[in-house]
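Q:
Numbering (full-length UniProt numbering), first residue to last: 1 to 321.
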């Protein structure tokens with residue numbers, strides 16, 4: 001059995017592979033003996049698109065999921081305490097290494113998927129996601145206390161698509177949004193955060209039903225056809241609040257890891273959540289279903305390489321007890 005320090009080092013290396021808005025990586029870890037504390041790094045919250053840190057909290061929930069899945073993949077239990085200190089609201093979770101227990105083959109495979117999961121902003125194949133795969137994704141999210149709804153051609157789909165297009169237009173034309181996105185999508189390939197040109201999708205050849213986010217760095221790349229009506233997946237919880245947002249982030253990540261195992265790829269449809277008026281209309285549309293946290297575009301596509309990450313040493317402090 002590996003030493004505690006080695007186990008924690010690997011868990012942190014897996015935790016930072018979680019997705020985050022514009023790859024901002026809004027997390028900070030403190031290690032004390034056999035305990036890992038997860039904090040929200042407010043200096044990496046997008047002030048224009050995410051003033052309430054909602055998307056950053058989802059990202060931290062995803063990092064927490066990776067941390068736990070990694071520990072299980074190393075045959076260790078994880079004892080998690082969410083929001084352990086009301087006087088320190090940015091302390092989101094405390095994770096203590098539990099006892100040794102051999103992981104199941106399913107747990108090993110899920111941990112192995114962490115390094116293979118990458119956000120895919122490229123066109124998907126013209127191939128439907130089968131019901132069996134959808135069921136596995138929904139089951140994965142439920143483990144973390146989240147719920148997935150699969151949305152295809154319908155009046156609701158059309159209304160969502162209109163809200164996405166409206167929000168996308170606002171973000172393209174209002175300087176504050178455009179400047180913020182540009183700050184996280186420009187720079188050299190050696191940068192350890194943000195979205196590099198190599199991770200961006202091409203410009204669609206034609207306007208699809210769903211507007212896909214376009215970043216500045218891919219300007220000039222040849223346009224390609226995208227799927228006209230991709231499968232949308234809504235991620236929800238039964239109630240609102242920071243605890244539920246963290247659980248939603250964990251549920252989304254567990255579903256994404258499961259999708260990776262199934263040969264599926266995904267990208268986030270975040271624009272309508274980042275514009276107050278479209279977010280309010282989306283919330284109204286899903287009011288009877290629970291608290292809506294995000295939308296995903298899921299399907300089959302070609303594998304892509306990873307986006308850069310800051311190393312664990314840059315996002316953590318080791319304090320000996």
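We treat Cβ as the ideally placed atom computed from N, Cα and C, and that holds for glycine.
(1) Buried or exposed: residue 118, going by 16 or more other Cβ atoms within 10 Å of its Cβ?
(2) Give the single residue among 229, 19, 273 and 47 whose Cα lies nearest to the Cα of residue 116.
(3) Skipping 5 residues on each side, what residues in its chain have a beta carbon closer than 6 Å to that of residue 71?
(4) Is residue 27 near the ligand SAH, judged by its Cβ being under 7 Å from some heavy atom?
(5) What does DSSP give as the partner residue(s) for residue 299 in the beta ladder?
(6) Mark residue 154 as exposed unless 16 or more other C-beta atoms lie within 10 angstroms of its C-beta, in which case mark it buried.
(7) Going along the chain, which residues of its own chain have a beta-carbon closer than 6 Å to the beta-carbon of residue 61, five neighbours each way excluded?
(8) Have a look at the DSSP bridge pairing and note the partners of residue 397.
(9) With distances taken from CA atoms, which of 234, 51 and 143 is nearest residue 150?
(10) At the level of alpha carbons, what is the spacing between residue 324 and residue 267?
(11) Among 47, 43, 81 and 6, which one has its Cα closest to the Cα of residue 176?
(12) Which residues does DSSP list as the beta-bridge partners of residue 95?
(13) Is DSSP giving residue 69 helix, strand or coil here?
(14) Can you check DSSP and say which residues form a bridge with residue 235?
(15) Starting from residue 133, trace the beta strand (DSSP E) both ways and give me its first and last residue.
(16) Exposed or buried, residue 39, counting other C-beta atoms within 10 Å across all chains shown (16 or more means buried)?
(17) Residue 180 by DSSP, collapsed to three states: which one?
(18) Going by beta carbon distance, what residues of the same chain come within less than 7 Å of residue 96, once the five residues before and after it are set aside?
(19) Distance, Cα to Cα, residue 285 vs residue 172?
(20) Among 107, 170 and 191, whose alpha-carbon lies nearest the alpha-carbon of residue 143?
(21) Between which two residues does the beta strand (DSSP E) containing residue 316 stretch?
(22) Starting from residue 276 and walking both ways along the alpha helix (DSSP H), at which residues does that stretch end?
(23) Between 229, 242, 228 and 59, which lies nearest to residue 82 when the distance is taken from Cα to Cα?
(24) Helix, strand or coil for residue 112 per DSSP?
(25) What is the DSSP secondary structure of residue 119, counted as helix, strand or coil?
(26) Touching or not, the stretch 258 to 273 and the stretch 179 to 188, by the rule of three or more beta carbon pairs under 8 Å?
(27) On the DSSP letters alone, give me the boundaries of the alpha helix (DSSP H) that residue 4 sits inside.
(28) From which residue to which residue does the alpha helix (DSSP H) around residue 167 run?
(29) Could you compute how far the alpha carbon of residue 181 sits from the alpha carbon of residue 226?
(30) Assuming residue 296 and residue 133 are in contact, meaning their beta carbons sit under 8 Å apart, how far apart are those beta carbons, in whole angstroms?
(31) Is residue 55 helix, strand or coil by DSSP?
(32) Classify residue 299: buried if its beta carbon has 16 or more other beta carbons within 10 angstroms, exposed otherwise.
A: Working from what's here:
(1) In the chain shown, the residue the question calls residue 118 occupies position 118. Looking at its Cβ environment, which holds 16 or more other Cβ atoms inside 10 Å, residue 118 is buried.
(2) Residue mapping note: residue 116 aligns to position 116 of the chain shown, counting from 1. Among 229, 19, 273 and 47, the Cα nearest to that of residue 116 is on 19.
(3) Numbered from its first residue, the chain shown carries residue 71 at position 71. Around residue 71: 11 and 78.
(4) You won't find the ligand SAH in this model; it holds no ligand whatsoever.
(5) One-based indexing of the chain shown puts residue 299 at position 299. 265.
(6) Here the question's residue 154 lines up with position 154 in the chain shown. With fewer than 16 other CB atoms across the displayed protein chains lying within 10 angstroms of its CB, residue 154 is exposed.
(7) For the purposes of this step, residue 61 is taken as residue 61 along the chain shown, with counting starting at 1. These residues qualify, in order along the chain: 246, 249 and 250.
(8) Absent from the structure is residue 397, since the part of the chain shown begins at 1 and ends at 321.
(9) As a working note, residue 150 is residue 150 in the chain shown. Of 234, 51 and 143, the residue nearest in Cα terms is 234.
(10) The shown model of the chain, from 1 to 321, leaves out residue 324, and the question about it has no answer.
(11) As a working note, residue 176 is residue 176 in the chain shown. Comparing Cα positions, the closest option is 47.
(12) Taking the chain shown and counting its residues from 1, the one referred to as residue 95 is at position 95. Note: residue 95 is bridge-paired with 36 and 80 in the DSSP secondary-structure output.
(13) Within the chain shown, residue 69 is the residue found at index 69, counting from 1. In the structure shown, the three-state DSSP call for residue 69 is helix.
(14) As a first step, residue 235 is located in the chain shown; it is residue number 235 there, counting from the start. In the DSSP output, where bridge partners are listed per residue, residue 235 has 148 and 294.
(15) In the chain shown, the residue the question calls residue 133 occupies position 133. From DSSP, residue 133 is part of no beta strand (DSSP E) but of the alpha helix (DSSP H) over 131 to 143.
(16) In the chain shown, counting from the first residue as 1, residue 39 sits at position 39. So residue 39 counts as buried.
(17) As a position in the chain shown, residue 180 is number 180, starting the count at 1. Secondary structure at residue 180: helix, using DSSP grouped into helix, strand and coil.
(18) Taking the chain shown and counting its residues from 1, the one referred to as residue 96 is at position 96. Take residue 96, set aside five residues on each side of it, and the residues of its chain with a beta-carbon closer than 7 Å to its own are 34, 35 and 79, in chain order.
(19) Position 285 of the chain shown, counted from the start, is the residue given in the question as residue 285. Position 172 of the chain shown, counted from the start, is the residue given in the question as residue 172. About 24 Å.
(20) Position 143 of the chain shown holds residue 143. Each of 107, 170 and 191 was checked against the Cα of residue 143, and the nearest Cα belongs to 107.
(21) Looking up residue 316 in the chain shown gives position 316. Residues 316 to 318.
(22) By 1-based counting over the chain shown, the position of residue 276 is 276. Residues 276 to 285.
(23) Locating residue 82 in the chain shown gives position 82, where the first residue counts as 1. The residue with the shortest Cα to Cα distance from residue 82 is 242.
(24) Walking along the chain shown from the start, residue 112 turns up at place 112. Under the three-state reduction of DSSP, residue 112 is assigned to helix.
(25) Counting from one through the chain shown, the residue named residue 119 turns up at place 119. Assigned with DSSP and collapsed to three states, residue 119 falls in strand.
(26) Contact fails between the stretch 258 to 273 and the stretch 179 to 188, because fewer than three Cβ pairs, one in each stretch, are under 8 Å apart.
(27) Indexing the chain shown from 1 puts residue 4 at position 4. That run of the alpha helix (DSSP H) goes 4 to 15.
(28) Indexing the chain shown from 1 puts residue 167 at position 167. 155 to 173 is the span of the alpha helix (DSSP H), which, as asked, contains residue 167.
(29) As a first step, residue 181 must be located in the chain shown, where it is residue number 181. As a first step, residue 226 must be located in the chain shown, where it is residue number 226. C-alpha separation (whole angstroms): 22 Å.
(30) Here residue 296 refers to the residue found at position 296 of the chain shown. Here residue 133 refers to the residue found at position 133 of the chain shown. Contact doesn't hold; Cβ gap of about 13 Å is too wide.
(31) Working through the chain shown from its first residue, we reach residue 55 at position 55. DSSP places residue 55 in helix when its eight states are reduced to three.
(32) The count along the chain shown starts at 1 and reaches residue 299 at position 299. Buried is the call here.
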